[in-house]
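Participant: One structure coming up, written as structure tokens, with questions to follow.
There are 2 protein chains.
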Amino acid sequence: MTRPLKVALLGCGTVGTAVLRLLDEQAADLTARIGRPVEVAGVAVRRPDRHPDVPAHLLTTDAHGLVTRPDVDLVVEVIGGIEPVRSLMLAAFEAGKSVVSANKALLADDGGELHAAAAKAGVDLYYEAAVAGAIPLLRPLRESLAGDQLRRVVGIVNGTTNYILSRMAETGHGFTEALAEATELGYAEADPTADVDGFDAAAKAAILASLAFHTSVTASDVYREGISAVTSTDVARAAEIDCTVKLLAICERVGRVGDGAAGDGDGDGDSVAVRVHPAMIPTAHPLAAVGGAFNAVFVEAEAAGQLMFYGQGAGGEPTASAVLGDLVAVARNRVAGTAGPGVTTYAGLPARPIAETPTRYHVSLDVADKPGVLATVAQEFARHGVSIATVRQDGHGDAATLVIVTHSAPDAALSATVAALREMPAVRGVTSILRVEGLS
Amino acid sequence: MTRPLKVALLGCGTVGTAVLRLLDEQAADLTARIGRPVEVAGVAVRRPDRHPDVPAHLLTTDAHGLVTRPDVDLVVEVIGGIEPVRSLMLAAFEAGKSVVSANKALLADDGGELHAAAAKAGVDLYYEAAVAGAIPLLRPLRESLAGDQLRRVVGIVNGTTNYILSRMAETGHGFTEALAEATELGYAEADPTADVDGFDAAAKAAILASLAFHTSVTASDVYREGISAVTSTDVARAAEIDCTVKLLAICERVGRVGDGAAGDGDGDGDSVAVRVHPAMIPTAHPLAAVGGAFNAVFVEAEAAGQLMFYGQGAGGEPTASAVLGDLVAVARNRVAGTAGPGVTTYAGLPARPIAETPTRYHVSLDVADKPGVLATVAQEFARHGVSIATVRQDGHGDAATLVIVTHSAPDAALSATVAALREMPAVRGVTSILRVEGLS
Chain U
1229 MTRPLKVALL GCGTVGTAVL RLLDEQAADL TARIGRPVEV AGVAVRRPDR HPDVPAHLLT
1289 TDAHGLVTRP DVDLVVEVIG GIEPVRSLML AAFEAGKSVV SANKALLADD GGELHAAAAK
1349 AGVDLYYEAA VAGAIPLLRP LRESLAGDQL RRVVGIVNGT TNYILSRMAE TGHGFTEALA
1409 EATELGYAEA DPTADVDGFD AAAKAAILAS LAFHTSVTAS DVYREGISAV TSTDVARAAE
1469 IDCTVKLLAI CERVGRVGDG AAGDGDGDGD SVAVRVHPAM IPTAHPLAAV GGAFNAVFVE
1529 AEAAGQLMFY GQGAGGEPTA SAVLGDLVAV ARNRVAGTAG PGVTTYAGLP ARPIAETPTR
1589 YHVSLDVADK PGVLATVAQE FARHGVSIAT VRQDGHGDAA TLVIVTHSAP DAALSATVAA
1649 LREMPAVRGV TSILRVEGLS
Chain Y
1229 MTRPLKVALL GCGTVGTAVL RLLDEQAADL TARIGRPVEV AGVAVRRPDR HPDVPAHLLT
1289 TDAHGLVTRP DVDLVVEVIG GIEPVRSLML AAFEAGKSVV SANKALLADD GGELHAAAAK
1349 AGVDLYYEAA VAGAIPLLRP LRESLAGDQL RRVVGIVNGT TNYILSRMAE TGHGFTEALA
1409 EATELGYAEA DPTADVDGFD AAAKAAILAS LAFHTSVTAS DVYREGISAV TSTDVARAAE
1469 IDCTVKLLAI CERVGRVGDG AAGDGDGDGD SVAVRVHPAM IPTAHPLAAV GGAFNAVFVE
1529 AEAAGQLMFY GQGAGGEPTA SAVLGDLVAV ARNRVAGTAG PGVTTYAGLP ARPIAETPTR
1589 YHVSLDVADK PGVLATVAQE FARHGVSIAT VRQDGHGDAA TLVIVTHSAP DAALSATVAA
1649 LREMPAVRGV TSILRVEGLS
């Protein structure tokens, strides 16, 4: 047994604390699995006085000094955010250290530059914990499915919004009440913007799409709609058509514009469409049953077919499990004197704008209940090239409700249709619009 | 770009044919992902005349000559069975070739020896395709969860039996009729023994337990019961208590005898209990919804919590996807001049016999409908130290049905209880006995 591998821990919040505890409790197992003991070299925090449980000699405010210390082998980053983490990571790579991170925002924005820096230094950059917490997902995409062609990755990757939408369905409450409950129970942060507006899910979608399609996707390539506009009417309408409302992160490889189908085989002219928005999905869909704070990701590959990964998407312990799994991997590589496979972005696929991305809509309208209204409405869809899959008309008094589910059409055509419907004299109101996913 | 990596393919049935096709179709992608092109060096088959679609110059009957050819870098084995594959693999390792295999029977029996030989030669042995087809499962266990402590792995890992049990539930048919249907549709082989008697699932359970608990488990350590004794009454009784019957592969790390709880923290005195048998599980359990030929595996880890992996467990294309994922991994390692992490068996946990393994039973009895019968029956359970969780009594005429679900108790105590019940004068017949899993 040679000298221990030394780990620098950056950040010591919920996840960092769990990492420290597990490193201690499982020291014997980790040593056996890695082939050398792992030892904490230091813990970089902003306010050392707030961490009475961490041995004082390990605490430092000098994160840069810690990551570049000659005796440090590996860096675990659980601070989050862009800076100073980006600079710290680059400094770590330059100093020859491998990095394990849980930082979705940074990886989504600067993954390309960071991977290049790690590859240049011959070290590892692993970040399983950045997407869907404890669920082994990035390693399967990077490695297990590396011999396959991925078509779609569709996931529930944000527990806060999933909890809120689950509660709206259970209680009939609106978004505001459900958010207040989530905040009270600690499922939503004081400033819930990153979760409810879909920023968190969009960063994860960018990471998933990059790995799934061997291309470079950043958060700015991701179309993003949060759940704050989802109403109790939307949720009720979903139930009426045997659907449930979920915030989905959808990464698709799509063929040429106008084709609509997935990649056409040779891949020439393919693009990636990556989007985060609420959608109705059939209650029979495996993702529909994913409740509360759980995460699940559905993958469609050409040869493997349909796969699903399910588990806890957040929390100190589950996230720490993912961090430690990566830590064992980079430590084994260090012991073997090598680095794991990097990511490849050779496909260089362009991002397709949402306007050109094929989607399906559910539209509920209040209309005057008189002959010819359905024909007029149907004509408006046809005029925009949107084909209707199903329509249901419920009369009540002199009014009627039309519930329409479309076939797949470019998103721009669907939103133009809805805009035109709003202007029609026969339409008294558009009461619910949501995209629909997972219908066959 | 240096010279191509050369692959020897052993076997060319459904999976081998799919591997060849995907290697050809995805050549450009594989080259980009690996960093070097991959080329088929030869295909070893028994009867070359039966493979008109494979270029004749690649076909050979000399498998040993092929795997030891100096220009061969990697070996893909999809023959199956123990010999000659075992000898061929050992020859490949000795000649410095990495091996990708889909061979559950061989890995379950001789995994220890084969891993040791691969490690000695400094080459890789990967076999994701051996368990649950396309579902990324072994790599997550070996790597993603390497920083965690696994408690249980419970899976539906045999599609044939799952199809048969699903059909029994849907149609009310007995085992024999459902098997006949499965055979006719090609879901069961002409000789279905390996599937219906649980041998296939037991081999997979041995592999899963070995990786999950870092110990050595072989197929002979696995308690095994097939589904041929499952009756339509069992299936109907399951439905009555909101359960469904599944053939489960269950791998548990358990504490000291008499403890019954999972590992007690320090792991001293822990053992592994690995078993394959039909069981009732609640319809609300995630595994209950896994129908037809699909596979799913549920994992419980100390920090990660509950995880589930779902997908296609068999078939040429899905299995080939798993094989190619491994092929990319070993090829990347070869390009990097290294080998991936081997498996560790340092835990050296003993296998706990089924008699001592805590389980729960469902028991349905036909009894005489007179006062005191329930008390007498309950006394028999108590006499064997078995605690009853729920009991339901349905009278009809002078007879009654007792449906009893027990709490957890050593399996031997439960089977002794059932044997004693059969001898009781008040018990006219034991109409259904099945273990129950997944109740809280």
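Protein sequence lines, in the order shown, are assigned to chains U and Y.
Letter 413 of the first sequence, counting from 1, is numbered 1641 in this note's numbering, and no numbers are missing.
Letter 245 of the second sequence, counting from 1, is numbered 1473 in this note's numbering, and no numbers are missing.
Using N, Cα and C, we set each Cβ at its ideal position, and we do this for glycine too.
1) Can the beta-carbon of Y/Ala1647 be found closer than 9 angstroms to that of Y/Ala1596?
2) Can you give me the Cβ contacts of U/Leu1294 inside the same chain, cut-off strictly under 6 angstroms, excluding the 5 residues immediately before and after it?
3) Let's test the definition: count the other Cβ atoms within 10 Å of the Cβ of U/Ala1345 and tell me whether it reaches 16, buried, or not, exposed.
4) On a CA-only basis, which of U/Arg1580, U/His1442, U/Glu1651, U/Gly1519 is nearest U/Ser1499? Give me that one, please.
5) Between the Cα of Y/Ala1564 and the Cα atoms of U/Ala1347, U/Ala1246, U/Val1266, U/Gly1309, which residue gives the shortest distance?
6) Taking the alpha-carbon positions, what's the Y/Leu1238 to Y/Gly1539 distance?
7) What is the DSSP secondary structure of U/Val1359, counted as helix, strand or coil?
8) For the putative contact between Y/Leu1662 and Y/Val1655, defined by C-beta atoms under 8 angstroms, what is the C-beta separation to the nearest angstrom?
9) Would you say U/Ala1489 faces chain Y, with C-beta separation under 9 angstroms as the test?
10) List the whole-angstrom C-beta distance separating Y/Phe1473 from Y/Leu1258, where the pair is believed to meet the contact cut-off of C-beta under 8 angstroms.
11) For the beta strand (DSSP E) containing Y/Ala1457, list its first residue and its last residue.
12) For chain Y, find out if any of its Cβ atoms is closer than 9 angstroms to the Cβ of U/Val1364; answer yes or no.
13) If we call anything under 9 angstroms between Cβ atoms a contact, is U/Ala1477 one with U/Gln1377?
14) Count the other C-beta atoms from every protein chain shown that fall within 10 angstroms of the C-beta of U/Lys1598, then say buried if there are 16 or more, exposed otherwise.
15) Quick check on Y/Leu1413: buried or exposed, where buried means 16 or more other Cβ atoms within 10 Å of its Cβ?
16) Determine contact between the segment 1308-1322 of chain U and the segment 1276-1290 of chain U, defined as no fewer than three beta-carbon pairs at a distance below 8 angstroms.
17) Which of the three DSSP states is assigned to Y/Gln1254 in this structure?
18) Beta-carbon separation of Y/Gly1339 and Y/Thr1443 under 9 angstroms?
19) Using 9 angstroms as the limit for Cβ to Cβ distance, is U/Glu1412 near chain Y?
20) Starting from U/Thr1289, trace the alpha helix (DSSP H) both ways and give me its first and last residue.
21) Quick check on the burial criterion: 16 or more other C-beta atoms within 10 angstroms. Buried or exposed for Y/Thr1511?
22) Going by the CB atoms, is the gap between U/Met1536 and U/Pro1669 shorter than 9 angstroms?
23) Can a CB atom of chain Y be found closer than 9 angstroms to the CB of U/Tyr1415?
24) Kindly indicate the opening and closing residues of the alpha helix (DSSP H) around U/Pro1546.
25) What would DSSP say about U/Thr1659, mapped onto helix, strand or coil?
26) When you compare only the Cα positions, how much space is there between Y/Val1485 and Y/Asp1301?
27) To the nearest angstrom, how far is it from the Cα of Y/Phe1609 to the Cα of Y/Ile1616?
28) Using a Cβ-Cβ cutoff of less than 6 angstroms, which residues in the same chain neighbour U/Leu1369 once the five nearest sequence positions on both sides are dropped?
29) Considering only their Cβ atoms, is the gap separating Y/Thr1585 from Y/Val1614 smaller than 9 angstroms?
30) Closer than 7 angstroms by C-beta to U/Val1449: which residues in its own chain qualify, once you throw out the five before and the five after it? Chain order, please.
31) U/Val1556 versus chain Y: which residues are under 7 angstroms apart at the beta carbon?
32) In chain U, which residues lie less than 7 angstroms from Y/Glu1371 when you measure between Cβ atoms?
33) Flag Y/Gln1540 as yes if its beta-carbon sits less than 9 angstroms from any beta-carbon of chain U, otherwise no.
34) Which one or two residues does DSSP pair with U/Thr1472 in a beta bridge?
35) Could you say which of U/Gly1657, U/Pro1265, U/Thr1645 lies nearest to U/Gln1607 if we only look at CA atoms?
36) Applying the 10 Å Cβ sphere with the 16-neighbour rule, what's the burial state of Y/Asp1462?
Facilitator: According to the structure data:
1) Going by C-beta atoms, Y/Ala1647 is not nearer than 9 angstroms to Y/Ala1596.
2) Correct list, in chain order: Ala1236, Gly1270, Ala1272, Thr1288.
3) buried
4) U/Arg1580
5) Closest in alpha carbon position to Y/Ala1564, among U/Ala1347, U/Ala1246, U/Val1266, U/Gly1309, is U/Ala1347.
6) 26 angstroms
7) coil
8) Their Cβ separation, rounded to whole angstroms, is 17 angstroms, which puts Y/Leu1662 and Y/Val1655 out of contact at 8 angstroms.
9) Model confidence at U/Ala1489 stands at a pLDDT of 45, short of 50, so the residue's coordinates are unreliable and nothing is read from them.
10) The question names Phe, yet the displayed sequence has Val at residue 1473 of chain Y. With a Cβ gap of about 42 angstroms, Y/Val1473 and Y/Leu1258 do not count as contacting.
11) Looking at the DSSP string, Y/Ala1457 is not in any beta strand (DSSP E), and its letter there is neither H nor E.
12) In the sequence under discussion, the amino acid at residue 1364 of chain U is Pro, which differs from the Val named in the question. Taking Cβ atoms only, chain Y reaches closer than 9 angstroms to U/Pro1364, which makes this a yes.
13) no
14) Counting Cβ neighbours within 10 Å, U/Lys1598 comes out exposed, since fewer than 16 surround it.
15) Exposed is the call here.
16) no
17) coil
18) no
19) no
20) Premise fails: U/Thr1289 is in no alpha helix (DSSP H) and is neither H nor E.
21) Looking at its Cβ environment, which holds fewer than 16 other Cβ atoms inside 10 Å, Y/Thr1511 is exposed.
22) Within the shown structure, residues of chain U are numbered from 1229 to 1668, placing residue 1669 of chain U beyond reach of any answer.
23) no
24) 1544-1564
25) Three-state DSSP puts U/Thr1659 in a strand.
26) Residue placement at Y/Val1485 is flagged as unreliable, the pLDDT there being 47, under the threshold of 50; a coordinate-derived value is accordingly withheld.
27) 7 angstroms
28) Leu1439, Ala1440
29) no
30) Before going on, a small fix: residue 1449 of chain U reads as Asp here, not Val. Cβ within range, chain order: Ala1434, Val1502, Ala1579.
31) Ala1374, Gly1375
32) Chain U residues near Y/Glu1371: Arg1367, Gly1553, Ala1557.
33) yes
34) U/Ile1509
35) U/Thr1645
36) buried
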